[in-house]
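Chains as they are written, first to last, in the UniProt record's numbering: chain C, 1 to 410; chain G, 1 to 104; chain A, 1 to 952. Everything below concerns the one structure shown next.
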Amino acid sequence: MSPRTPGADLPEHPDRLWRDAEPKRSYDVVIVGGGGHGLATAHYLAKNHGITNVAVLEKGWLAGGNMARNTTIIRSNYLWDESSAIYEHALKLWEGLEEDLGYPILFSQRGVLNLAHTLQDVRDSVRRVEANKLNGVDAEWLEPDEVRKVCPVVNTSTDIRYPVLGATYQPRAGIAKHDYVAWGFARRADEAGVDLVQDCEVTGFTTDGNRVTGVRTTRGTIGAGTVALCAAGHTSVLTGMLGIRVPVQSHPLQALVSELLEPVHPTVVMSNAVHVYVSQAHKGELVMGAGVDSYNGYGQRGAFHVIERQMAAAVELFPVFARAHLLRTWGGIVDVSPDASPIVGRTPYDNVYLNCGWGTGGFKATPGIGSALAYTIAHDEPHPYVAPFTLDRFVTGALVDEHGAAAVAH
Amino acid sequence: MQLIACPWCGPREEVEFHYGGQAHVPYPDSPAELSDEEWAHYVFFRDNPKGRFAERWNHSAGCRRWFNAIRDTATYRFERVYRLDDPKPGVTELARSREEGTAP
Amino acid sequence: MTSPFRTSTGGRIDRATTVEFTFDGQTLRGHPGDTLASALLANGRHQIATSIKLGRPRGIAAAWAEDPGGLVQIEEPFPEPMLLATTVELHEGLAAHGLPGQGRLADVPDSARYDAVHHHVDVLVVGAGPAGLAAALTAARAGARVALVDEQSEAGGSLLSGTERLDDAPALQWVAAAVAELAGLPEVLHLQRTTAFGSYDDGFVLALERRTDHLGAAAPKHVSRQRVWRIRARSIVVATGAHERPVVFADNDRPGIMLAGAARTFLHRYGVLPGREAVVFTTNDSAYDAALDLHRAGVHVQAVVDARPEGSPRRAECERAGIRVLSGAVVTGTRGAERITHALVAPFADGEVGAGSAITCDLLLVSGGWNPAVHLFSQARGRLRYDAALGAFLPGEELDGLAVAGSAAGVPDLAGCLTDGQRVARATLAGPPAADDRLPTAPESAVPTPPLVLWRVPDTSGADGSTSFVDLQRDATVADIARAIGAGLRSIEHVKRYTTIGTAHDQGKTSGVLTSGITAELLAIPVQDTGTTTFRPPYTPVAFAALAGRDRGRLFDPERVTALHEWHVAAGAVFEDVGQWKRPRHYPRPGEDMEAAVLRECAAARTGVGILDGSTLGKIDVQGPDAAVLLDRLYTNLMSSLKVGSVRYGVMCGVDGMVIDDGTVLRLAEDRFLVLTTTGGAAKVLDWMEEWVQTEWPDLRVHCTSVTEQWCTFPVVGPRSRDVVGAVFPQVDVSAEAFPFMTWRDTTLDGVPVRLARISFSGELAFEVYVNPWYAVAVWQRLLDAGRPYGITPYGTETMHVLRAEKGYPIIGQDTDGTVTPHDLGMAWAVSKKKPDFVGKRSFARPANQDPLRKHLVGLLPVDRQTVLPEGSQIVEFRTDGRLPPPPVPMLGHVTSSYRSAELARPFALALVKGGRERIGETVHVPVDGTLVPVEVTGPVLVDPEGARRDG
């Protein structure tokens, strides 16, 4: 027996990650939320704009929310121009992120298949592929026999309940290792002088007219020149303290993992109709998820029938998974907006920026939104990539409706 | 998976129910007179509290009737279910019913 | 043939029967009642595999699900990855091999069956050990409906592993009597081989029953292999026992090192000696039983090494037996390669290790105390508290409906567990306990010396903790924890992720609390502050297929078929999934492809007569004095002005003003409408209506109900449809004057009620025939017979789509995508200007709705008259050079529907195009397979724009 099981091992983390900082009395920029978006924003504020008098406030442990709970799928094959622009921006950053962070983030461009099971799925898929191509996003439409070549374990037989009629394929899509990504951003931000403050829950804000002057926390009040809200599922709790209404709803989203298995699934497969998405992560575990639980919930847990349904979908699409074992289930809190697109930009307060509503798309956007939000903060002007995602669009009706591409899309 | 007490059918499995979001958001009397912003708030904006929330549920795989519930979005615990024609319970009333153990 | 390490008597195995199995290719023998692990140990085999990262030999280290060492791949009877040798029951023909922590999936589908059962009880007891049995008896005797589930092959729990006595007889006699008593009570469900793996809200517990795994090839095919029990219990008693905790020291991972309690299990339950020469290393009294029992069974116990300076009151007992007891001593390391050969023992005082010596052994038993199995309690969001005396996390609060009993709650002794089980069960009862609710008498146990909480022995080997394994499955060590802390990490969650401790197959059953303890020690903070990582379902791994149950293949989602389905199948229809419905897409004749079939079907409908099974269309019966008011509020157009006997097309929008459905509405009476919806939208529209009626307009006197399944619908379409319908229903005057377009008539056929409606989704003269499904085949056949002279042609959804597209009729969900208004579809005519309000109206006034560049539904004609544009194709501005510029290329819209038209003798398409109505007559480009296809933008109606054909 070989002494080391191939793929079952991960690169070691470095000996030095970050200081467990004590909060100072004030900062130029206070980022609320120490998840992927908050940490990435801090990194790019320092790296691209030289802004380092920054604190990232995290109520629990760094990157312990959705960043620690997502299924790490990275892709940019969204339908609308506005969405594909920011996700493609993110994907390009992902492609250089290992070098930028000096951290082995295990970004693996193994491609993603979005399966089509009905004729309307096929139409929607072709529409998205053609739009992606014109937007410069790599995309292909694959017939079932080509799907089988990319991922031989997908059940492409015609006698299943909803046969696979084809798939969209984005070869540059893939997965990364979430903790490694978060810790890479955290380490860089820490090196640049950013204070990463854990166990620091925001309890309120001090304001002066249209400006926020400070952030009240469980570790005291912290003065803030600018505040950026990067709290994903907890955004409404924060905006509630500021008296701002934001059209997001927080839902439980569950995911699960199997034990370590020899490589069998070389890509990422997503299916909206049979409702599951799966990849086999670096160590060999199958990582999968499905739809959100229907009700609002901050409990980081959902109902088991959602998992059972997901297992049925997984075995339907991948019969060889039958005797893989569910090892662990967990839940995150996703903030879902009415058009399944993010809400980023200004708020009624002059110096407070909002970044929420990413729903199920937050992880893949991490470097993209981090850099665009850092730009927005540094220039006090929305970066072109985030400009379409204003809160105002719900008043004008100029939505970016990604339900088709993102309803369960991860 | 929770048991949800339908006001007409009694406790039933969560899978029988359909979630309807925030309760007590009436359709505006005269939409035409609303500003775009006011209308947007009716169409798209709903409260999203962490904690006690008055919300709508439909017993879709049972009696198919809508009802309201007070539920805690952090613990998921239902504090009260009530019919659509019942008024929204006040905080005092909820506290009292919890003490008396009459909450579902 | 006797296996070398099998005792001559004892154990719960069937010695009279021998079963043959293979491990790593070697044929070995064991007995029914063995686990794979006990059979391997009986054959002297400890090592199972080498470790995942370091390749170190690893063996069986525990006796059940907490074992971190004995992962195997099953090959026969069916490949299954990553099971524990300690939990695989032996059967004839079992073939397995050891795994380093990564398994292999079968490359053929699993043919076994799986299912699920719901069960409702007053009391669910998890665990059939002493506490669980006492609890189940108490509840059942009092008349409660009880479920008792236990993960082992037989009841007894810890009693199976020892020599305890109850009522002055072997405790297992009491177990047998208890099981028999429970079996005699009608309201008791008792399941062994059933693991409660998840606990959720409101007393909901999931359990997996392994029904046939232990039978091997003899498993009956008709019995599901595994069953998920979905148990809803008013009260849950968690009596899941405790897991023994190891102590970490250098080279603590060699085969032959196991938990002390596990050695007792192997001895007493399976009749196996796990070694010949043993050293026992303990921090508490419980391991003395293992030392004495092994000694009595003939194992040479070299020494008991007790870390406590004061030792144990049981020292004398050992010494009488000739066992050396070293108090205030620890095991600092081991020697050996594929099996332990020596334990390195040294004095230990005040945390300091003295000079040591090596003791030869082939077995090192370790006990660092016990961790209550609080998984189900914690999953139910019970808070844990750290007990510094026990060095363990215990339930830290009372939960509604879930109580923990026995050693799972930290109760140390047998008598206490029995009493606790009874106490907890009594608290669940509505009434008094039964009169005969008696507990057996347990002998009094000696007052124990308090255990020493010792997470790790300082590493004196010079390896700096890099061979002191905390999580054997992940090859993670004390050095790794130290490195994580050195990197700046403080949270136990970060330490877990940095070291990967607790992420492997056992999910930290033995390593979790150790990690909390060692982390706290290194950070010099209380263990309570470090806490544990979160316990998450499942308690032990569960096969995907078991959770999928029967919801696979045809049962993955219900299949809905119309009353004519058999006829369609016999006619050779090719089916399309539309929602849950199976709809004929086309009816190819021999040698025809879809294109040929559809051209033929279209031509028949346009020139002769065709017939469609439209039964899947949603139908909603809307009744009540305010029915018209409701429809006026939900449709964009006016329905209240519709006359009884007439039909009107209507569009429905969401509050955001986007089209959600469309269809025709028949007014049956002043207070009654039949609303037709799209096939896919039927349930949604009914929900929509009910939601508005119940939640917003409860004052409306109206009721809605689905009648989709009550009416089959057959559009008879084409210039000869009047001849056909007239022939089948001679009592109906089908002339254009007597039966005008958009009206309906009731009639009968041989006494069967039939409704006819002049509705056309093709632009041709057409009659929809509605009939109860019982008579559907007969009426369909009559229509076919009557149509034979005219070449009546059944057609499917594809032809239906072509015919409607030629007329510019949109399909909601195909030509719309939730961002399209009636105005975008060119249906301003269907939006009432008279009504003060209807759902969606206000949204039409938003700025974005006034944008002249909104996308409009238009027609497209490929200029080459050849190319069928792929549906979904994007549309760009006409490029004079015929080439696409580099991305991003602005898009004008996309092709929503595209077909070859028999009528037009050319392909055509419908599309949503920015400002499309202003572009009619322009030529734009559609990229298709790398070339730009020029297409002319037209109005959406391409066939019979004057509407001359609808009356025939």
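Here a beta-carbon is modelled for each residue, glycine too, at the ideal position from N, C-alpha and C. Everything numeric in this text was worked out from a predicted model, so none of it was measured.
### Message
For a minimum of 4 consecutive residues, which ranges assigned as the alpha helix (DSSP H) are wholly contained in the stretch 159 to 207 of chain C?
### Response
Scanning the stretch 159 to 207 of chain C from its first residue to its last, the whole alpha helix (DSSP H) runs of 4-plus residues come out as 178 to 191.
#### Entry: Cα-Cα separation between Asp632(A) and Val928(A), rounded to whole angstroms
Computed Cα separation, rounded: 44 angstroms.
### Message
Could you give the first and the last residue of the continuous beta strand (DSSP E) run that contains Pro81(A)?
### Response
That run of the beta strand (DSSP E) goes 80 to 84.
### Assigned exposure category for Ser2(C) - 16 Cβ within 10 Å defines buried
With a pLDDT of 42 at Ser2(C), under the threshold of 50, the predicted position of this residue should be treated as unreliable, though the coordinate-derived value follows. Exposed is the call here.
### Query
What is the DSSP secondary structure of Met658(A), reduced to helix, strand or coil?
Coil, per DSSP.
### Message
In whole angstroms, give me the CA-to-CA distance for Gly369(A) and Gly410(A).
### Response
For Gly369(A) and Gly410(A), the gap between their C-alpha atoms comes out near 11 angstroms.
### Query
Near Leu253(C), what residues of its chain come up, given a Cβ to Cβ distance below 6 angstroms and the 5 sequence neighbours on each side ignored?
Closer than 6 angstroms at Cβ, skipping near neighbours: Val292, Gly332, Val334.
### Query
Which residues in the same chain as Ala476(A) place their Cβ atom closer than 8 angstroms to its Cβ, once the five residues preceding and following it in sequence are excluded?
Result list for Ala476(A): Phe469, Val470, Thr499, Thr500, Ile501, Ser511, in chain order.
### Task
Could you say which of Arg324(A), Ala355(A), Ala62(A) lies nearest to residue 954(A) if we only look at CA atoms?
The shown model of chain A, from 1 to 952, leaves out residue 954(A), and the question about it has no answer.
### Query
Any Cβ of chain G within less than 9 angstroms of the Cβ of Ser843(A)?
Yes, Ser843(A) lies at the interface with chain G (some Cβ there is under 9 angstroms from its Cβ).
#### Entry: Own chain, CB closer than 7 angstroms to Asp213(A), minus 5 neighbours either side, in chain order
By the criterion of a C-beta distance shorter than 7 angstroms, Asp213(A) is surrounded in its chain by Glu89, Arg225, once the five residues flanking it on both sides are discounted.
### Query
When the Cα of Gln507(A) is compared with those of Val561(A), Tyr770(A), Thr534(A), which residue comes out closest?
Scanning Val561(A), Tyr770(A), Thr534(A) for the CA closest to the CA of Gln507(A) turns up Thr534(A).
### Message
Can you pull out the residues from the stretch 197 to 219 of chain C whose beta carbon lies closer than 7 angstroms to at least one beta carbon of chain G?
### Response
For the stretch 197 to 219 of chain C, no residue has a beta-carbon sitting nearer than 7 angstroms to a beta-carbon of chain G.
### Query
Any Cβ of chain C within less than 9 angstroms of the Cβ of His41(G)?
Taking Cβ atoms only, chain C reaches closer than 9 angstroms to His41(G), which makes this a yes.
### Query
Under three-state DSSP, which class holds Phe389(C)?
Helix at Phe389(C).
### Query
Exposed or buried, which one is Lys364(C) when buried takes at least 16 other CB atoms within 10 Å?
Per the 10 Å Cβ criterion, buried.
### Cβ-Cβ distance between Thr695(A) and Trp66(G) below 9 angstroms
Contact annotation: Thr695(A) and Trp66(G) have beta-carbon atoms nearer than 9 angstroms.
### Query
Exposed or buried, which one is Ile377(C) when buried takes at least 16 other CB atoms within 10 Å?
Looking at its Cβ environment, which holds 16 or more other Cβ atoms inside 10 Å, Ile377(C) is buried.
### Query
Cβ of Thr793(A) less than 9 angstroms from any chain C Cβ?
For Thr793(A), the answer is no, since every Cβ of chain C falls outside 9 angstroms of its Cβ.
### Query
Hey, how far is the Cα of Gln874(A) from the Cα of Ala374(C)?
Rounded to whole angstroms, Gln874(A) to Ala374(C) spans 34 angstroms at the Cα level.
#### Entry: Cross-chain neighbours of Ser125(C) in chain A, by beta carbon under 9 angstroms
Within chain A, the residues near Ser125(C) are Gly872.
### Task
Note down the Cα distance separating Gln280(C) from Gly64(C), rounded to an integer number of angstroms.
Their Cα atoms are separated by approximately 22 angstroms.
### Residues near His18(G) in its chain [Cβ-Cβ closer than 6 angstroms; skip 5 each side]
Cβ-Cβ distances below 6 angstroms link His18(G) to Asn58, Ser60 in the same chain, with the five nearest sequence neighbours on each side left out; the list follows chain order.
### Task
Using the DSSP secondary-structure output, state which residues sit across from Tyr19(G) in a beta bridge.
Bridge pairing for Tyr19(G): Trp57(G) [DSSP].
### Query
With 16 other CB atoms within 10 Å as the buried threshold, where does Arg128(C) fall?
Per the 10 Å Cβ criterion, buried.
### Query
Looking only at DSSP bridge pairs, what is Ala909(A) linked to?
Paired residues: Leu860(A), Ser898(A).
### Sequence-distant residues of its chain with Cβ nearer than 6 angstroms to Thr71(C) (five each side left out)
Same-chain partners within the cutoff: Ala255, Val287, Gly289, His410.
### Query
Does Gly62(G) get closer than 9 angstroms to chain A when you measure Cβ to Cβ?
Under the Cβ criterion of 9 angstroms, Gly62(G) is not counted among the residues facing chain A.
### Query
Okay, do the stretch 158 to 177 of chain A and the stretch 447 to 458 of chain A touch, 3+ Cβ pairs below 8 angstroms being the bar?
By the Cβ rule, the stretch 158 to 177 of chain A does not count as touching the stretch 447 to 458 of chain A, because fewer than three pairs are nearer than 8 angstroms.
#### Entry: Opening and closing residue of the alpha helix (DSSP H) in which Leu634(A) lies
Going by DSSP, Leu634(A) is part of the alpha helix (DSSP H) stretching over 627 to 634.
### Task
Using 10 angstroms around the beta-carbon of Asp723(A), count the other beta-carbons present and answer buried if the total reaches 16, otherwise exposed.
Asp723(A) sits buried, since 16 or more C-beta atoms from the chains shown fall within 10 Å of its C-beta.
### Query
Since Pro252(C) is in the alpha helix (DSSP H), which residue starts that stretch and which ends it?
Where Pro252(C) is concerned, there is no enclosing alpha helix (DSSP H), although the beta strand (DSSP E) around it starts and stops at 249 to 260.
### Query
Is Gly21(G) close to chain C, meaning its C-beta is less than 9 angstroms from at least one C-beta of that chain?
Yes - at least one Cβ of chain C is within 9 angstroms of the one on Gly21(G).
### Task
Keeping to the same chain, check which residues put their C-beta closer than 8 angstroms to that of Gly311(A); ignore five residues upstream and five downstream.
Here the set comprises Val325, Ser327, Gly328, Thr449.
### Message
What does the alpha-carbon distance come out to for the pair Val15(G) and His275(C)?
### Response
Distance between the alpha carbons of Val15(G) and His275(C): 17 angstroms.
### Query
So, using beta-carbon positions, are Val215(C) and Val202(C) closer together than 9 angstroms?
By the CB criterion at 9 angstroms, Val215(C) and Val202(C) fall inside the cutoff.
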